[in-house]
Amino acid sequence: MRNQDLELVSVTKRYGATVAVDAINYRFKSDSYTCLLGPSGCGKSSTLRMIAGHESISDGSIVLAGRDISHLPPAQRGTAMMFQNYALFPHLNVLDNVAFSQKMKGVSTAKRHAEAREMLALVDLTELADRLPDQLSGGQQQRVALARALITRPQVLLLDEPLSALDPFLRIRMRSELRKLQKELGISFVHVTHGQDEALALADEIIVMNNAVIEQAGPAREVFNAPQTKFVAQFMGGHNVIALPDGNFAIRADAVSITSPTPGAIEGNVTAVEYQGTHVSVSARITGDQEVLALIPDATFFANPHQPGDRIGLHWDSTNQHKLIA
Amino acid sequence: MVSPLAAVLLIFLVLPIVLIVIVSFWRATEFSIIPAFEFDNYAFLFGSPVTYTVFFNTFKYAVITWACTLLIGFTVAYYLAFHIRTLTWQIALFLLCTIPFWTSNIIRMISWIPFLGRNGIANSTLMSWGVIEEPIEWLLFSDFAVILAFVHLYTLFMVVPIFNTMMRIDKSLIEAARDAGANGAQILWNVIIPLTKPGIMIGTIFVVTLVMGDFITVRFMSGSQSANVGRLISNDIALLQYPSASATAIVLLLTVLITIGILLRFVDIRKEL
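Protein sequences, first through last, are from chains A and B. Position 202, counted from 1, in the first sequence is what numbering that gives the first Met the number 0 calls 201; the numbers after and before it change by one each time, with no gaps. Position 97, counted from 1, in the second sequence is what numbering that gives the first Met the number 0 calls 96; the numbers after and before it change by one each time, with no gaps.
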């Protein structure tokens, strides 16, 4: 089988003296959903825009399916981009928006409209073909943008924070649709987001970026379960970062259980108790003035409730204790 | 209670027009003006072949000036909006465009005369370069001079609204077009021009109304050899033929309104206002 992977080889982006993306290397597996995750200004959008060809690369190269695409114009790369605000042409109706790239290629009206209708059927928008973009809801606009990007038959679809303009309810629905579409089409999706829940819900692989470099990359479950750096542990959330005599460790809050204070176990004073529905979050202060958060299933907690001020023992499996390298 | 704005409009806009309409029906003789309600002025206007020539001339000036200002104005606005990267430079260059407007338009117009005249700078330069043997006669006091002055005077009225509309075009649309494989010319034709139409239309209205209402440029630059409707009116006024001048003014006003009405059918400018 041909190698369809997208590969970044020490890709660098400099704006004058500032380095936005610092020599990052990564191989995106073909037919996978990858999320570029990180806080704003970490370089994730620049990375995506360099892959798309909307930003020149200062150094390194981008290889897609064995072809160096670093300096090709966007349309010749085999990528298509879906923009954050969808960037639909306001003067064209849905059908012509979707058919735009075919029109640029000089495909006849009848043929390109037929192709566009096919794409609209894929995103379930056939009835709205004659509408103008500002007559559509946010979710519908997004589907048009998707159809417009997909009509070029890209090998890689690049999505720049595609869900950030939607309300929370729609966001959850659209993300399952994105996931389904990726599986159906069998192409790679590269999705930029700053929401870790979005990344976890969607991605096969997560790349966590910070300060222009990749902090950690790997399968979603691995990144969440075993963060390698303090930044990743804190950014992914749900982790305690604890300094123990032999280094810093990340322990998932839901892996911490509460016992009565026993010798040998870590002891702490309860500082706060918060009921969260399925779980109860218990904060405790342990030696060295460190805060530890334990997420206890509500039934377990209420079988043996604690109040702020109580002295408790904290316990976790050593397999859940992940050493942080930075 | 009439609001102050309505009162201002009433006194300074509606009332004068109503007066002109009324006067246009009065009777005039060589030595007197008599209030009346007759159609003589209009009958004379529509019966005279001069009227048609002059109206045709006015439209000719308007159309040629419109085409030139559109071409130059669009190009300048496009350059400012899409090729100048920083806002500071955009503002600086934009202000540079307005510098000619710091002087009166009559002075700007008259300053062409020593340049274009028979022994003017243009002719003497061309002759010293050996491009021409004889001075070119049609540079000054010709339709060419009239249109040149119009284009000089009114191009900015095209630049401003087009630039304004272009600045509102979301830059990601250009990227989206490029992502879809459009080249520069295709982006211009399929994205920028359609989205700039309202600005073009506003600029068109400015230029067309200004040119159609003008009389001084035509008089100076044609050396009183060409006429447009404005000169017809101004001549009537000079001869104290107010009823005739009013009738011509009303016909001109209606012509301009109909022209704008037709233009507005093509493009919706409400989003821009």
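Glycine included, every Cβ here is placed at the ideal spot set by N, Cα and C. Only a predicted model underlies this, so the values are computations on that prediction, with no experimental measurement involved.
Apart from the five residues just before and just after residue i, which ones in its own chain have a Cβ nearer than 8 Å to its Cβ?
i        : result
A/Ser259 : Ile311, Gly312
A/Ser45  : Lys12, Ala19, Val20, Glu54
A/Asp30  : Gln3, Gly185, Ile186, Ser187
B/Ile135 : Ala121, Asn122, Leu125
B/Phe140 : Met220, Ser221, Gly222, Gln224
B/Ile146 : Tyr60, Ile63, Thr64, Cys67
A/Thr228 : Glu214, Gln215, Leu323, Ile324, Ala325
B/Phe143 : Trp137
A/His112 : Leu94, Ala98
Mind checking who residue i pairs with in its DSSP beta bridge?
i        : result
B/Leu155 : Answer is none; B/Leu155 lacks a bridge partner.
B/Gly260 : According to DSSP, which records beta bridges pairwise, B/Gly260 is partnered with nothing at all.
A/Gln141 : Answer is none; A/Gln141 lacks a bridge partner.
A/Ala14  : The amino acid occupying residue 14 of chain A in the given sequence is Tyr; Ala does not appear at that position. A/Thr17, per the DSSP bridge assignment.
A/Gln75  : Its beta-bridge partners do not exist; DSSP assigns none.
B/Asn189 : Beta-bridge pairing links B/Asn189 to no other residue.
A/Pro218 : A/Glu204
A/Ile311 : A/Gly267
A/His238 : A/Arg251
A/Pro296 : A/His278
A/His53  : Bridge partners of A/His53: none, in fact.
A/Asp388 : Given a span of 0 to 325 for chain A in the structure shown, any question on residue 388 of chain A remains unanswerable.
B/Asn122 : DSSP lists no partner for B/Asn122.
A/Asp58  : A/Thr11
A/Val212 : A/Asn209
A/Glu118 : A small correction: the amino acid at residue 118 of chain A is Met; Glu does not occupy that position in the sequence shown. According to DSSP, which records beta bridges pairwise, A/Met118 is partnered with nothing at all.
Quick check on residue i: does DSSP put it in helix, strand or coil?
i        : result
A/Met277 : Checking the sequence shown, residue 277 of chain A turns out to be Thr, not Met. Coil, per DSSP.
B/Phe93  : helix
A/Tyr32  : strand
B/Val206 : helix
A/Asp159 : strand
A/Phe248 : strand
B/Phe36  : coil
A/Ser136 : coil
A/Met0   : Model confidence at A/Met0 stands at a pLDDT of 44, short of 50, so the residue's coordinates are unreliable; what they give is reported in the following sentence. In the structure shown, A/Met0 sits in coil (DSSP, three-state: anything other than H, G, I, E or B).
A/Asn24  : strand
B/Leu239 : coil
A/Thr151 : coil
A/Ala283 : strand
B/Phe143 : helix
A/Leu227 : Correcting the residue type first, residue 227 of chain A is Gln in the shown sequence and not Leu. In the structure shown, A/Gln227 sits in coil (DSSP, three-state: anything other than H, G, I, E or B).
A/Leu187 : This sequence places Ser at residue 187 of chain A; Leu is not what is there. Three-state result, A/Ser187: strand.
A/Thr192 : strand
B/Thr102 : coil
B/Val1   : coil
A/Glu6   : strand
A/Thr258 : strand
Can you say whether residue i is buried or exposed, counting buried as having 16 or more other CB atoms within 10 angstroms of its CB?
i        : result
B/Pro48  : exposed
B/Gln240 : buried
B/Thr195 : buried
B/Gly180 : buried
A/Gln75  : exposed
B/Glu132 : exposed
A/Ile61  : buried
B/Leu152 : buried
B/Asn56  : buried
A/Leu124 : buried
Which residues in the same chain have their Cβ closer than 7 Å to the Cβ of residue i, if we skip the five residues on either side of it in sequence?
i        : result
B/Ser245 : Ile19, Val22, Ser23
B/Pro306 : Absent from the model: residue 306 of chain B. The displayed extent of chain B is 0 to 272, so no value can be given.
B/Val158 : Gly72, Val75, Ala76, Cys96
B/Glu37  : Phe24, Arg26
A/Gly137 : Ala164, Leu165, Leu169
A/Met0   : Its pLDDT being 44, under 50, A/Met0 is placed unreliably by the model, and nothing is read from it.
Residues in the same chain with beta-carbon distance under 6 Å from residue i, minus the five sequence neighbours each way, listed in chain order, please.
i        : result
B/Leu9   : none
B/Pro34  : Trp25
B/Ala176 : Ile186, Val190
A/Ala225 : His321
A/Ala146 : Val97, Met118, Leu119, Val122
Residues of the region 60 to 73 of chain A with Cβ closer than 8 Å to any Cβ of chain B, in chain order: Those would be Pro72, Pro73, in chain order.
Cβ-based contacts, 7 Å cut-off: residues of the region 214 to 245 of chain B near chain C: Although the question refers to chain C, the structure presented lacks it and instead comprises the protein chains A and B.
The region 186 to 197 of chain B: positions lying closer than 7 Å to chain A by Cβ: The residues in question are Val190, Pro193, Leu194.
Residues of the region 37 to 54 of chain A whose Cβ lies closer than 7 Å to any Cβ of chain B, in chain order: When CB distances to chain B are screened at a threshold of 7 Å, the residues of the region 37 to 54 of chain A falling below it are Ala51, His53, in chain order.
Short-range partners of chain B found in the region 98 to 116 of chain A, where Cβ spacing is below 8 Å: Hits within the stretch, in order: Phe99, Ser100, Lys102, Met103, Lys104.
Members of the region 153 to 180 of chain B near chain A, C-beta cut-off 8 Å: Answer in chain order: Asp169, Ser171, Leu172, Glu174, Ala175, Ala176, Arg177, Asp178, Ala179, Gly180.
Contact residues within the region 201 to 214 of chain A, judged by C-beta distance below 9 Å to chain B: Cβ contacts with chain B: none found.
Chain B contacts made by the region 174 to 197 of chain A, where a contact means CB separation under 9 Å: Those would be none; no residue qualifies.
Members of the region 225 to 240 of chain A near chain B, C-beta cut-off 8 Å: If you check each beta-carbon in the region 225 to 240 of chain A against every beta-carbon of chain B, none falls closer than 8 Å.
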